[in-house]
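**Student:**
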Amino acid sequence: MHKLEESLGFQVNMTANAMKNRFNTFLKPYNLTSEQYVIMKSVDENPDISPTELAEITFKDKTTITRMIDTLVKNKMLVRVPKLGDRRAYKIQWSSKGESVMKEIMPISEEVISKLRSQFSQVELESFLNILEKLKHTPCLETLI
Numbered sequence: 014m015h016k017l018e019e020s021l022g023f024q025v026n027m028t029a030n031a032m033k034n035r036f037n038t039f040l041k042p043y044n045l046t047s048e049q050y051v052i053m054k055s056v057d058e059n060p061d062i063s064p065t066e067l068a069e070i071t072f073k074d075k076t077t078i079t080r081m082i083d084t085l086v087k088n089k090m091l092v093r094v095p096k097l098g099d100r101r102a103y104k105i106q107w108s109s110k111g112e113s114v115m116k117e118i119m120p121i122s123e124e125v126i127s128k129l130r131s132q133f134s135q136v137e138l139e140s141f142l143n144i145l146e147k148l149k150h151t152p153c154l155e156t157l158i
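Just so we're on the same page, the working numbering is the position in the sequence shown counted from 1, plus 13.
(1) Can you tell which of V92, K110, G111, E112 has its C-alpha closest to the C-alpha of Y103?
(2) For K164, which of helix, strand or coil comes out of DSSP?
(3) Please report the straight-line C-alpha distance between L85 and L142, rounded to a whole angstrom.
(4) Alpha carbons only, please: which of I52, R100, Q132 is nearest the one belonging to I70?
(5) With M90 and K110 assumed to form a contact (beta carbons below 8 Å), what rounded beta-carbon distance in angstroms separates them?
(6) Measuring CB to CB, does Y43 end up less than 8 Å from V125?
(7) CA-CA distance, H15 and E139?
(8) Taking the continuous alpha helix (DSSP H) assigned at P64, which residues delimit it?
(9) In the DSSP assignment, the alpha helix (DSSP H) including P60 goes from what residue to what residue?
(10) Could you give the residue range of the beta strand (DSSP E) that holds L91?
(11) Between which two residues does the alpha helix (DSSP H) carrying T79 extend?
(12) Looking at the secondary structure, which residues open and close the alpha helix (DSSP H) in which S140 lies?
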């Protein structure tokens with residue numbers, strides 16, 4: 014039987030939690046969480062994205078995405094813009110406040126990512142990312158009950 018410390022899931026989760034906690038501390042003065050930052054960054058990388066597309070990109074269910082969008086709209090970070098030709102559909106965009114906050118945060122975030130990446134060789138980074146991708150799509154995870 015494997016020890017907990019030897020579990021891939023445990024180690025990946027502990028590392029992700031440590032990184033997320035540090036990032037949440039950084040984001041707190043901006044009234045954002047790391048999960049909300051992912052939404053904001055996804056909107057930046059995918060202009061005029063729909064909530065459904067956002068759910069697919071972030072691997073979150075539609076209910077969770079809707080709740081997160083509602084919070085970000087309430088906090089004036091995002092706006093909903095109706096899609097032409099479909100009254101029920103809308104796209105998500107940064108508000109002026111959201112744009113201002115993200116333009117301040119993103120360079121700092123990029124600097125931290127660069128410093129983190131500099132701890133590893135290019136080969137190590139590529140290998141690590143390939144392993145994570147393989148883990149994410151491994152068939153045995155799909156069959157767990």
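Just so you know, even glycine gets a beta-carbon here, dropped at the ideal spot from N, CA and C.
**Tutor:** According to the data block:
(1) The candidate whose alpha carbon is nearest that of Y103 is V92.
(2) With the chain covering only 14 through 158, there is no way to say anything about residue 164.
(3) If you draw a straight line from the Cα of L85 to the Cα of L142, it comes to about 30 Å.
(4) Closest by alpha carbon: I52.
(5) Correct: roughly 6 Å between the Cβ atoms.
(6) Contact: no.
(7) Just so you know, the alpha carbons of H15 and E139 end up roughly 27 Å apart.
(8) From DSSP, the alpha helix (DSSP H) with P64 extends over 64 to 71.
(9) In the DSSP annotation of this structure, P60 is not part of any alpha helix (DSSP H), being labelled neither H nor E.
(10) Element bounds for L91: 91 to 96.
(11) 75 to 87 is the extent of the alpha helix (DSSP H) around T79.
(12) From DSSP, the alpha helix (DSSP H) with S140 extends over 135 to 149.
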